[in-house]
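A short worksheet on the structure shown next.
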Amino acid sequence: MSELIVEAEGLTKRFGDRVAVDAIDVKIAQGEAFGFLGPNGAGKSSTMRMIGAVSPPSAGTLRVLGMDPVRQGVDVRARLGVVPQEDNLDRELTVEENLLIYGRYFGLSRRELRPRITELLEFAELTERRRDKTETLSGGMKRRLTIARALVNRPEIVLLDEPTTGLDPQARHILWDRLRRLKRRGASLILTTHYMDEAEQLCDRLVVMDEAKIVAEGSPADLIAAHASREVVELHVAEDELDLALLDGVADRIEVLPDRVLCYTGDGDGTAALLAERGLARAGIVARRASLEDVFLRLTGRTLVE
Amino acid sequence: MTPRTSSETSTRDRAAPLSAGFPAVRVLEARLLAARRTLRSAVTSALLNPLLYLLAMGLGIGAVADPSAAADLPGGSYLAFLAPGLLVASAMQLAASESLWPLMVGLEWNRTYHAVVATPLRPVDLVLGNLAFVLVRAALAGMLIALVIVVLGAAPIGGALAAVGVAVLVAGAFAAPIAAFTAKVRSHPAMTALMRFGIVPLFLFSGTFFPIENLPAPLQAVAPVSPLWHGAELARLAALGAPTAWHPGAHTGILVGLLVGGAVLAERPIRAVLCR
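Order-wise, the sequence lines are chains E and Z. The numbers in the numbering used here rise by one with no breaks, and the one at position 306 of the first sequence is 306. Position in the second sequence (first residue = 1) + 306 = the numbering used here.
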């Protein structure tokens with residue numbers, strides 16, 4: 001394994017009596033795109049804030065870029081780029097000024113910043129809007145500007161907390177494309193998401209968090225292989241209209257949800273055909289690849305997005 | 307030292323700007339950049355408000371006041387008495403308004419301070435940078451008022467400028483503790499109450515518009531509680547050479563104490579919000 005950029009052991013964060021992060025162990029290597037996947041309140045953001053050297057851990061050990069983020073917070077933060085969950089751009093400033101001022105916060109000179117800002121505006125596709133106030137931007141543009149802002153110091157690690165929450169599908173795809181480009185340039189990405197597709201699109205490796213703990217770890221493909229079958233057949237039928245006896249032996253494992261039944265199987269077409277034979281076709285049958293959603297359901301017994 | 311080393315030194319100096327050793331300067335810079343946008347309205351109100359007060363009260367009330375009584379006032383006229391008081395009272399108001407709502411914008415409403423502490427800057431840099439911004443604003447606004455004062459003949463130019471120095475100190479003496487208050491309470495009603503029941507009474511009853519000797523004795527006795535009273539005393543000393551109630555060093559010491567104490571007190575609640 002190449003050099004570790006994050007090493008956490010027994011990392012814990014408490015707010016009063018509430019345990020937000022409960023003794024998690026995480027190792028992240030340089031150049032990786034690493035994800036924290038889990039529902040709201042699972043402790044992802046608290047973990048990110050500890051790695052970002054703004055929130056002191058309550059217990060456990062944490063090293064970021066080989067440093068102690070509490071004692072060497074200034075030095076750690078100088079090498080990070082942080083994209084927070086909420087939009088906290090400076091609304092009194094223009095697009096360009098937001099980048100300039102942020103660069104100045106890192107102690108970069110205006111002369112250094114000028115070409116860098118031009119480049120970042122291009123990267124974020126905001127060159128035309130450079131002199132506009134940020135409040136006139138769309139949600140997707142604001143996200144792209146926030147990401148550009150996080151890159152102004154050429155960070156070694158980019159921390160992204162729910163990078164595409166609240167964006168429309170097109171804006172999400174543009175953003176994913178930008179993040180993949182960033183990764184190709186050699187940056188390490190650490191992101192949180194509660195979207196399965198996002199985790200599958202962006203992460204080399206991820207941990208699934210639930211109720212302040214890590215419940216699984218691996219690559220998206222590994223996790224699917226370990227905790228779900230290759231394919232899933234969804235039967236869209238209400239729980240109370242279903243005769244469970246009809247489902248006997250159609251799949252390796254069956255999960256009954258209030259509005260649908262999930263049949264985990266190695267052979268989606270075979271299972272779908274079997275269900276049709278038993279007269280369940282009119283209910284609506286969809287065969288698909290297993291996803292992290294299925295992993296999460298398997299691990300916690302709950303769906304990820306209620 | 308060889309010429310070569312000295313040229314290396316100067317290159318390094320250029321690469322490491324002033325703000326490297328004192329990062330709060332970067333916060334000040336951001337505030338100034340944003341303030342540029344509202345410069346015209348800020349200048350207009352900084353000029354217009356004191357001009358209106360000085361004309362309406364200084365000349366208007368001064369004309370109906372008993373001239374022989376006014377002659378006993380420091381400066382020899384009501385206008386001359388009022389001008390330094392107004393200078394420090396404006397500084398207080400500016401400091402209060404800068405330390406209430408703008409702080410909430412950064413801490414909660416737009417959460418811009420959360421973005422700041424994700425960089426190498428620390429909460430203490432935010433406290434000091436914002437304080438520096440209030441001092442700069444107070445100095446600039448004070449100069450404009452001093453201009454009006456000099457034009458109206460209410461004080462000599464040197465005295466008016468010295469009084470601006472006092473106004474800057476008063477601004478700091480209010481800005482720092484009020485920033486601590488805002489970060490601690492983070493409540494709109496509490497902030498409005500501070501303005502209504504703190505700042506407005508101080509504005510009226512701190513010896514800015516009339517000598518506190520005109521107040522009933524019990525109220526006179528509480529005047530030293532008002533930082534603005536200390537500022538008004540010092541401002542009249544600076545502008546007119548008028549004698550102060552206490553030793554000037556004592557007045558100054560209280561204002562400096564509030565500035566330093568307030569800045570120290572403000573850091574912890576701001577850190578508690580940003581670095582929890």
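Where is the CB? At the ideal position from N, CA and C, for every residue including glycine.
Straight-line gap, residue i to residue j (C-alpha atoms, nearest Å)
{"i": "residue 108 of chain E", "j": "residue 395 of chain Z", "result": "39 Å"}
{"i": "residue 318 of chain Z", "j": "residue 78 of chain E", "result": "With a pLDDT of only 37 at residue 318 of chain Z, under the threshold of 50, the placement of this residue in the model should not be trusted, and no figure is reported."}
{"i": "residue 151 of chain E", "j": "residue 100 of chain E", "result": "12 Å"}
{"i": "residue 347 of chain E", "j": "residue 85 of chain E", "result": "In the structure as shown, chain E begins at 1 and stops at 306. Residue 347 of chain E is therefore absent and cannot be evaluated."}
{"i": "residue 421 of chain Z", "j": "residue 88 of chain E", "result": "6 Å"}
{"i": "residue 174 of chain E", "j": "residue 202 of chain E", "result": "13 Å"}
{"i": "residue 83 of chain E", "j": "residue 165 of chain E", "result": "12 Å"}
{"i": "residue 153 of chain E", "j": "residue 80 of chain E", "result": "8 Å"}
{"i": "residue 298 of chain E", "j": "residue 90 of chain E", "result": "42 Å"}
{"i": "residue 427 of chain Z", "j": "residue 221 of chain E", "result": "40 Å"}
{"i": "residue 504 of chain Z", "j": "residue 480 of chain Z", "result": "11 Å"}
{"i": "residue 130 of chain E", "j": "residue 328 of chain Z", "result": "29 Å"}
{"i": "residue 276 of chain E", "j": "residue 191 of chain E", "result": "41 Å"}
{"i": "residue 551 of chain Z", "j": "residue 332 of chain Z", "result": "40 Å"}
{"i": "residue 181 of chain E", "j": "residue 144 of chain E", "result": "13 Å"}
{"i": "residue 123 of chain E", "j": "residue 163 of chain E", "result": "16 Å"}
{"i": "residue 259 of chain E", "j": "residue 242 of chain E", "result": "10 Å"}
{"i": "residue 320 of chain Z", "j": "residue 70 of chain E", "result": "Note that residue 320 of chain Z scores 42 on pLDDT, short of 50, meaning its location in the model is unreliable; the coordinates nonetheless yield the value given after this. Distance between the alpha carbons of residue 320 of chain Z and residue 70 of chain E: 30 Å."}
{"i": "residue 510 of chain Z", "j": "residue 356 of chain Z", "result": "15 Å"}
{"i": "residue 559 of chain Z", "j": "residue 533 of chain Z", "result": "11 Å"}
{"i": "residue 567 of chain Z", "j": "residue 573 of chain Z", "result": "10 Å"}
{"i": "residue 377 of chain Z", "j": "residue 546 of chain Z", "result": "14 Å"}
{"i": "residue 400 of chain Z", "j": "residue 146 of chain E", "result": "32 Å"}
{"i": "residue 307 of chain E", "j": "residue 278 of chain E", "result": "Outside the displayed span of chain E (1 to 306) sits residue 307 of chain E, for which this structure offers no information."}
The beta strand (DSSP E) enclosing residue i, as first and last residue numbers
{"i": "residue 168 of chain E", "result": "Residue 168 of chain E -> no beta strand (DSSP E), and no H or E assigned at all."}
{"i": "residue 7 of chain E", "result": "4-15"}
{"i": "residue 365 of chain Z", "result": "That residue, residue 365 of chain Z, is in no beta strand (DSSP E); it is neither H nor E in DSSP."}
{"i": "residue 28 of chain E", "result": "18-29"}
{"i": "residue 81 of chain E", "result": "80-83"}
{"i": "residue 563 of chain Z", "result": "Not the beta strand (DSSP E): residue 563 of chain Z falls in the alpha helix (DSSP H), residues 554-580."}
Other residues of its chain near residue i: CB distance less than 6 Å, five sequence neighbours each side excluded
{"i": "residue 206 of chain E", "result": "35, 37, 199"}
{"i": "residue 46 of chain E", "result": "13, 20, 21"}
{"i": "residue 140 of chain E", "result": "167, 171"}
{"i": "residue 334 of chain Z", "result": "435, 438, 439"}
{"i": "residue 43 of chain E", "result": "20, 21, 209, 212"}
{"i": "residue 418 of chain Z", "result": "412"}
{"i": "residue 571 of chain Z", "result": "486"}
{"i": "residue 548 of chain Z", "result": "380, 542"}
{"i": "residue 513 of chain Z", "result": "535, 538"}
{"i": "residue 397 of chain Z", "result": "444, 473, 476, 477"}
Chain-order list of residues whose beta-carbon lies under 7 Å from that of residue i (same chain, five-residue window excluded)
{"i": "residue 581 of chain Z", "result": "423, 429"}
{"i": "residue 308 of chain Z", "result": "A caution first: residue 308 of chain Z carries a pLDDT of 36, below 50, which makes its placement in the model unreliable, though a value can still be read off. No residues qualify anywhere along the chain."}
{"i": "residue 9 of chain E", "result": "25, 60, 61"}
N- and C-terminal bounds of the alpha helix (DSSP H) containing residue i
{"i": "residue 359 of chain Z", "result": "345-359"}
{"i": "residue 474 of chain Z", "result": "463-491"}
{"i": "residue 414 of chain Z", "result": "It is not in any alpha helix (DSSP H) - residue 414 of chain Z carries neither H nor E in the DSSP assignment."}
{"i": "residue 398 of chain Z", "result": "384-405"}
{"i": "residue 142 of chain E", "result": "139-150"}
{"i": "residue 518 of chain Z", "result": "Per DSSP, residue 518 of chain Z belongs to no alpha helix (DSSP H) and is neither H nor E."}
{"i": "residue 334 of chain Z", "result": "330-342"}
{"i": "residue 499 of chain Z", "result": "494-500"}
{"i": "residue 449 of chain Z", "result": "429-457"}
{"i": "residue 51 of chain E", "result": "44-51"}
Exposed unless 16 or more other CB atoms sit within 10 angstroms - verdict on residue i
{"i": "residue 148 of chain E", "result": "buried"}
{"i": "residue 161 of chain E", "result": "buried"}
{"i": "residue 393 of chain E", "result": "Nothing in the structure corresponds to residue 393 of chain E, since chain E is present only between 1 and 306."}
{"i": "residue 344 of chain Z", "result": "exposed"}
{"i": "residue 507 of chain Z", "result": "exposed"}
{"i": "residue 575 of chain Z", "result": "buried"}
{"i": "residue 236 of chain E", "result": "exposed"}
{"i": "residue 528 of chain Z", "result": "exposed"}
{"i": "residue 28 of chain E", "result": "buried"}
Close Cβ partners of residue i (< 8 Å) along its chain, the five nearest in sequence each way excluded
{"i": "residue 316 of chain Z", "result": "Unreliable positioning characterises residue 316 of chain Z in this predicted model, as indicated by a pLDDT of 36, which lies under 50. A coordinate reading is not provided."}
{"i": "residue 360 of chain Z", "result": "385, 388, 389, 392, 454, 455, 458, 460"}
Self-check item: Any 3 or more C-beta pairs closer than 8 Å across the segment 464-473 of chain Z and the segment 532-549 of chain Z
Solution: yes
Quiz item: Touch check for the segment 366-374 of chain Z and the segment 441-457 of chain Z: three-plus C-beta pairs under 8 Å?
Solution: no
Quiz item: Using 8 Å as the threshold, is the segment 509-524 of chain Z in touch with the segment 335-349 of chain Z, meaning 3 or more CB pairs across them?
Solution: no
Quiz item: Quick check: the segment 156-163 of chain E against the segment 176-191 of chain E, are there 3 or more CB pairs under 8 Å?
Solution: yes
Quiz item: Is the segment 256-272 of chain E touching the segment 285-305 of chain E, taking contact as three or more C-beta pairs under 8 Å?
Solution: yes
Quiz item: When the Cβ atoms of the segment 482-501 of chain Z are set against those of the segment 404-413 of chain Z, are three or more pairs found closer than 8 Å?
Solution: yes
Quiz item: Using 8 Å as the threshold, is the segment 213-232 of chain E in touch with the segment 289-296 of chain E, meaning 3 or more CB pairs across them?
Solution: yes
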